[in-house]
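Single-structure report; data block below.
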Amino acid sequence: MKAKNQRLALALAALAALGGATLLAMSALRDQASYFYSPSDALRDHVVPGRVVRLGGVVKPGSLTHAANGVEIGFRVTDGAAEVAVRYAGIVPDLFRPGSGVIAEGRFTAPGQFRADTILAKHDERYRPPEPARGMHKSDSLS
Amino acid sequence: MIAEAGLIALWIAASFAALQTVLGFAGLRAPAPPRLLGGISLIQAVATLAAFAALLLLFARTDLSVRLVAAESASTLPLLYRVAGAWGNHEGSMLLWVTILAVSGAAVALFERRLAAATLAATIGAQGLIALGFFGFLLFASNPFARLDPAAPAGLGFNPLLQDPGLAFHPPTLYVGYVGLSVAFSFAVGALLARDVGPAFARAMRPWVLGAWTFLTLGITAGSYWAYYELGWGGWWFWDPTENASLMPWLAATALLHSVTVLATRDGLRAWTVMLAVVAFSMSMVGTFLVRSGILTSVHAFALDPRRGGVILLLLAFYVGGALALFATRIATVQAGAQFRPVSREGALVANNLLLSALLGVVLIGTLYPLAAEALTGEKLSVGPPYFNATAGPLALLLVATMAAGPLMRWRREEARALARRLVVPGLVLAAALLASFWAAPDLSILPRLGLTLAAGLAVASVAPLAGRRLRRTPLFTWGMVLAHLGCAVSLAGMASESGFSAETLAAARPGETLHVGPFAVRFDAVDPVAGPNWTAVRATLAATRGGAGAALRLAPEQRTFDTPPRQTSESAIATLWDGQLYTVLGERVPDGRWQVRLWWKPFVTLIWAGGALIALGGVLALIGRARPRRRPAPEREGFAPWR
Chain X
1 MKAKNQRLAL ALAALAALGG ATLLAMSALR DQASYFYSPS DALRDHVVPG RVVRLGGVVK
61 PGSLTHAANG VEIGFRVTDG AAEVAVRYAG IVPDLFRPGS GVIAEGRFTA PGQFRADTIL
121 AKHDERYRPP EPARGMHKSD SLS
Chain F
1 MIAEAGLIAL WIAASFAALQ TVLGFAGLRA PAPPRLLGGI SLIQAVATLA AFAALLLLFA
61 RTDLSVRLVA AESASTLPLL YRVAGAWGNH EGSMLLWVTI LAVSGAAVAL FERRLAAATL
121 AATIGAQGLI ALGFFGFLLF ASNPFARLDP AAPAGLGFNP LLQDPGLAFH PPTLYVGYVG
181 LSVAFSFAVG ALLARDVGPA FARAMRPWVL GAWTFLTLGI TAGSYWAYYE LGWGGWWFWD
241 PTENASLMPW LAATALLHSV TVLATRDGLR AWTVMLAVVA FSMSMVGTFL VRSGILTSVH
301 AFALDPRRGG VILLLLAFYV GGALALFATR IATVQAGAQF RPVSREGALV ANNLLLSALL
361 GVVLIGTLYP LAAEALTGEK LSVGPPYFNA TAGPLALLLV ATMAAGPLMR WRREEARALA
421 RRLVVPGLVL AAALLASFWA APDLSILPRL GLTLAAGLAV ASVAPLAGRR LRRTPLFTWG
481 MVLAHLGCAV SLAGMASESG FSAETLAAAR PGETLHVGPF AVRFDAVDPV AGPNWTAVRA
541 TLAATRGGAG AALRLAPEQR TFDTPPRQTS ESAIATLWDG QLYTVLGERV PDGRWQVRLW
601 WKPFVTLIWA GGALIALGGV LALIGRARPR RRPAPEREGF APWR
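Chains as they are written, first to last, in the UniProt record's numbering: chain X, 1 to 143; chain F, 1 to 644.
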């Protein structure tokens, strides 16, 4: 192989690698990316039960309940327009409190009923989650 | 007066950076005396250091008439965090960034002797131009010395999550890495401008790449461990955009490190290496932009100002766009390098580079996609671990394969049959590990099993280049490569073991109750109030025994409450044993008086960070090996036969 040809081959291989990476990324984005749903979106769009999604909103003040076993909690996530009941077994993050922004990762068990595997609360005292503040989440339009 | 002195020092540094830029680029035609350039960059470095020292002093004294100090610190903080608070915020961290930049620029100007005069001058000019952009940014968009009139009565405090020794030292480590990449970038710009892309340039650039890569490795490892113990979530990597911001430059630097070796020793991959140097610095700029712009809502993205983000984006576009334009116009003048066969050390390194680039691509897409989607359609979405695991996982496994086989190949050309013979032993170990895993853990899921098996094969393949060599005479950089690759195997084993064998217990308990996790019985003894320098806490006392026998391990997880700013944090308590860690978190008090307790037993989880440290140690050894003057030709240039 001539030097010029080898350089061309390398350039093509690099393009192929990046193209492959992009394809891989795009297909994974379609299948795996978990999007934020606001309670309104989730209820309007009828998210398929069992599909892993993220639910974002504000913890409704006064909605926090503790189950008898001491480790499971229930609360309602609201975006001002709609509400979803969330159940979660575990220790909530430090910033989790009524009225604060929260993102729950998990799945719907029935319309309006959400089982969270992970609870995320934002870790900056100056942070206001822009999503709940804006009151709207758009959901997935890729698929 | 200290703040004004700091500001003046910053202006002096900026003007000398301007002078350095002009004289450096003018040096392409008629190089200025090296002493002059060295002197200018030295003054710039000293002035920047003085400005940074002024900021440290202001923070140490909690001078509340300075806006930044009032907003980011408080006199009630322990001294360590008052000082670390200086770089735990946007302005201070940018000043630290440019301080490291100025100091390393001076180091290049004063000590670099391998480059041609014109190349060196242009490199120093490029370094001055980068510094100038950041000085301008500090002086016009985020002045750390701005006064507050009237002075604040009390400081607003420092994010409690950052009040941890790990986080006090972790950002400077990463910055040294980022800045090291900026030096590599300047070398690439200098070499392109002076039309001097070749082995000499690569050999001059290599120590900087090695150093940057070593610091990035340490920074990422430390950051991962910090997130693991401080956030109390028991995980060690979350694919958080801020984590990705440090991972992307590391991936690019890893590729650059390997390609610069091909250029230095075999004179191949010229254009590719220059391109990677541009990409690596771009990634550290993208990282800075992502973390500092406030565009991300992340655990530690603590600057929230879109205007500044815009300025950083402009700087990014200017440097990266300029370098890419230079690359496009000059690359045709770069001669093609030496030839090689696809099956050869060079071929394996090309495969490594392509895989690392692809990995970088998917991480970059996953990180930027939510931003792009929001900018284009206004939709808020997030790309999480499922995406990254699905894309990065397969690429990482392929990378492990090239990492195992590459060092066993000769330069220029390798016989496929000879290579296969060298891969017999690692292959047998891999097969044995697979069988052993089925025998020992029949229920293990696929990824951890694959991880453990590959780790065993990679570990053996990594040390194989030492076989048959006289170890005393084996060059240090070969040791460095072996240790770094072995470190990858160790980390991989830790990750697989953690994800495959972790046991978790979540319970609500009253004092006196005993809980069980993995092989441990954990007695929940008491909950007591305690007070620290600027916090109060409730502290649980736990006593853990293994298999119900032996001396009890004492653990004391806490829930801390800080006043300024008002915030709760949970402090996990971790017992480290030879074969893993027992990880405990105290949760909330349940209304009926019980306390939530979370327990994890994570077998061999420490291997993850031990591997990271081993990788960094490999980098240090290679750096020492490269820095020492050579008495004889490097063995790798003689063509090196690993198995004899």
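Don't be surprised by glycine CBs; every beta carbon is placed ideally from N, CA and C. Values in this document were obtained by computation on a predicted structure and should not be read as measured data.
> Taking 8 Å as the CB-CB limit, is G20(X) close to chain F?
Replying inline: For the purposes of this step, residue 20(X) is taken as the residue at position 20 of the first sequence. The beta-carbon of G20(X) is placed less than 8 Å from the nearest beta-carbon of chain F.
> Which word fits R560(F), buried or exposed, when buried means at least 16 other C-beta atoms lie within 10 angstroms of its C-beta?
Replying inline: The sequence position of residue 560(F) within the second sequence is 560, counting from 1. Under this definition R560(F) is a buried residue.
> Would DSSP call R567(F) helix, strand or coil?
Replying inline: As a position in the second sequence, residue 567(F) is number 567, starting the count at 1. R567(F) falls in the strand class under three-state DSSP.
>> I'd like to know whether the C-beta of residue 731(F) is nearer than 8 Å to at least one C-beta of chain X.
In response: Residue 731(F) cannot be examined here, being either before or after the span of chain F that is shown, 1 to 644.
>> For a test of the three-state rule: what should DSSP assign to L56(F), helix, strand or coil?
In response: Residue mapping note: residue 56(F) aligns to position 56 of the second sequence, counting from 1. Of the three classes helix, strand and coil, the one that applies to L56(F) here is helix, per DSSP.
>> If you reduce the DSSP assignment to three classes, tell me which class P165(F) lands in.
In response: For the purposes of this step, residue 165(F) is taken as the residue at position 165 of the second sequence. Of the three classes helix, strand and coil, the one that applies to P165(F) here is helix, per DSSP.
>> Using 8 Å as the threshold, is the C-beta distance between L269(F) and S259(F) below it?
In response: For the purposes of this step, residue 269(F) is taken as the residue at position 269 of the second sequence. For the purposes of this step, residue 259(F) is taken as the residue at position 259 of the second sequence. The answer is yes: Cβ separation under 8 Å.
> From which residue to which residue does the alpha helix (DSSP H) around L82(F) run?
Replying inline: Along the second sequence, read from residue 1 onward, the residue named residue 82(F) stands at position 82. In the sequence on display, residue 82(F) carries Arg and not Leu. Where R82(F) is concerned, the enclosing alpha helix (DSSP H) stretches over L79 to A84.
> Taking buried to mean at least 16 other C-beta atoms within 10 Å of its own C-beta, is H485(F) buried or exposed?
Replying inline: Reading the second sequence from its first residue, position 485 is the one you call residue 485(F). By the neighbour-count rule (16 or more Cβ atoms within 10 Å), H485(F) is buried.
> Applying a beta-carbon distance threshold of less than 7 Å, which residues of chain X neighbour P591(F)?
Replying inline: Locating residue 591(F) in the second sequence gives position 591, counting from the first residue. Ordered by position in chain X, the residues that pass the 7 Å Cβ test against P591(F) are H66.
>> Strictly under 8 Å for the Cβ-Cβ distance: is T391(F) near chain X by that measure?
In response: Along the second sequence, read from residue 1 onward, the residue named residue 391(F) stands at position 391. Closer than 8 Å: yes.
> To which residues of the same chain is G99(X) closer than 7 Å at the C-beta, ignoring the five residues directly before and after it?
Replying inline: As a working mapping, residue 99(X) is identified with position 99 in the first sequence. Contacts found: V58, V59 and P61.
>> Please identify the residue among E513(F), C488(F) and A552(F) whose C-alpha is closest to the C-alpha of W609(F).
In response: Indexing the second sequence from 1 puts residue 609(F) at position 609. That would be C488(F), whose Cα lies nearest to the Cα of W609(F).
>> Looking at chain X, is there any beta carbon in it that lies within less than 8 Å of the beta carbon of Y583(F)?
In response: Stepping through the second sequence from its first residue, residue 583(F) is reached at position 583. For Y583(F), the answer is no, since every Cβ of chain X falls outside 8 Å of its Cβ.
>> Suppose contacts are defined by Cβ-Cβ distances below 8 Å. Is residue 649(F) in contact with T505(F) by that definition?
In response: Any answer about residue 649(F) is impossible in this case: the structure gives chain F only from 1 up to 644.
>> Let's test the definition: count the other Cβ atoms within 10 Å of the Cβ of N159(F) and tell me whether it reaches 16, buried, or not, exposed.
In response: As a position in the second sequence, residue 159(F) is number 159, starting the count at 1. The residue in question, N159(F), is buried, as its Cβ has 16 or more Cβ neighbours within 10 Å.
> Grouping DSSP H, G and I as helix and E and B as strand, with all else coil, what is L582(F)?
Replying inline: As a first step, residue 582(F) is located in the second sequence; it is residue number 582 there, counting from the start. In the structure shown, L582(F) sits in a strand (DSSP, three-state: E or B).
>> Tell me which residue opens and which closes the alpha helix (DSSP H) that Q127(F) is part of.
In response: For the purposes of this step, residue 127(F) is taken as the residue at position 127 of the second sequence. From DSSP, the alpha helix (DSSP H) with Q127(F) extends over A117 to G136.
> Listing by chain order, which chain F residues have their CB less than 8 Å from the CB of G57(X)?
Replying inline: Position 57 of the first sequence, counting from 1, holds the residue named residue 57(X). Per Cβ cutoff of 8 Å: no residues; G57(X) is ~12 Å from chain F at best.
>> Going by the DSSP bridge assignment, what does W595(F) pair with across the sheet?
In response: The residue given as residue 595(F) occupies position 595 in the second sequence. Residue pairing of W595(F) in beta bridges, as defined by DSSP: A509(F) and R589(F).
>> For S142(F), which residues in the same chain have their Cβ closer than 7 Å to its Cβ, ignoring the five residues on either side in sequence?
In response: Against the second sequence, residue 142(F) aligns to sequence position 142. Once the five neighbours on either side are set aside, the close Cβ partners of S142(F) are H90, E91, M94 and R308.
> Are any of the Cβ atoms in chain X nearer than 8 Å to that of V517(F)?
Replying inline: Position 517 of the second sequence, counted from the first residue, corresponds to residue 517(F). No - not a single Cβ of chain X is within 8 Å of the one on V517(F).
> Of the residues G136(F), Y81(F), G105(F) and A154(F), which one's Cα is nearest the Cα of G166(F)?
Replying inline: Counting from 1 along the second sequence, the entry for residue 166(F) is found at position 166. Comparing alpha carbon positions, the residue from G136(F), Y81(F), G105(F) and A154(F) closest to G166(F) is Y81(F).
> Does R51(X) get closer than 8 Å to chain F when you measure Cβ to Cβ?
Replying inline: By one-based count along the first sequence, residue 51(X) stands at place 51. Answer no: the Cβ-Cβ gap between R51(X) and chain F never drops below 8 Å.
> When DSSP labels each residue in this structure, what does F302(F) get in the three-state scheme?
Replying inline: In the second sequence, the residue the question calls residue 302(F) occupies position 302. The predicted position of F302(F) is uncertain, since its pLDDT is 41 and thus under 50; a value taken from the coordinates is nonetheless stated next. F302(F) falls in the coil class under three-state DSSP.
>> Quick check on V97(F): does DSSP put it in helix, strand or coil?
In response: Residue 97(F) sits at position 97 when you count from the first residue of the second sequence. The question names Val, yet the displayed sequence has Trp at residue 97(F). W97(F): helix per DSSP, three-state reduction.
>> On the criterion of 16 or more Cβ atoms from any shown chain inside 10 Å, does S27(X) qualify as buried, or is it exposed?
In response: Counting from one through the first sequence, the residue named residue 27(X) turns up at place 27. S27(X) is exposed by the Cβ-count criterion.
>> Distance check for V77(X) and M248(F), CA to CA, integer angstroms please.
In response: In the second sequence, the residue the question calls residue 248(F) occupies position 248. In the first sequence, the residue the question calls residue 77(X) occupies position 77. Those two C-alpha atoms are separated by around 35 Å.
> Going by the C-beta, is Q113(X) closer than 7 Å to any heavy atom of the ligand FMN?
Replying inline: The model on display carries no ligand, and the ligand FMN is accordingly not part of it.
>> Counting only C-beta atoms, is W600(F) closer than 8 Å to chain X at any point?
In response: Indexing the second sequence from 1 puts residue 600(F) at position 600. Chain X contact via Cβ: absent.
> What do you get for E415(F), buried or exposed, if any count of 16 or more other CB atoms within 10 angstroms of its CB means buried?
Replying inline: By one-based count along the second sequence, residue 415(F) stands at place 415. Exposed.
> Terminal residues of the continuous beta strand (DSSP E) containing P529(F)?
Replying inline: For this step, residue 529(F) is matched to residue 529 along the second sequence. It spans F520 to A531 - the beta strand (DSSP E) in which P529(F) sits, taken as one unbroken run.
>> Can you confirm whether the region 420–434 of chain F touches the region 507–515 of chain F when touching is taken to mean that 3 or more C-beta pairs between the two stretches lie within less than 8 Å?
In response: no
> Can you pull the DSSP bridge partners for A461(F)?
Replying inline: The sequence position of residue 461(F) within the second sequence is 461, counting from 1. DSSP lists no partner for A461(F).
> How would you list, in chain order, the residues of chain B whose beta-carbon sits under 7 Å from the beta-carbon of W272(F)?
Replying inline: Looking at the structure shown, chain B is missing, and the protein chains on hand are X and F.
> For I73(X), which of helix, strand or coil comes out of DSSP?
Replying inline: In the first sequence, residue 73(X) corresponds to position 73, counting from 1. Looking at I73(X) - three-state DSSP - the assignment turns out to be strand.
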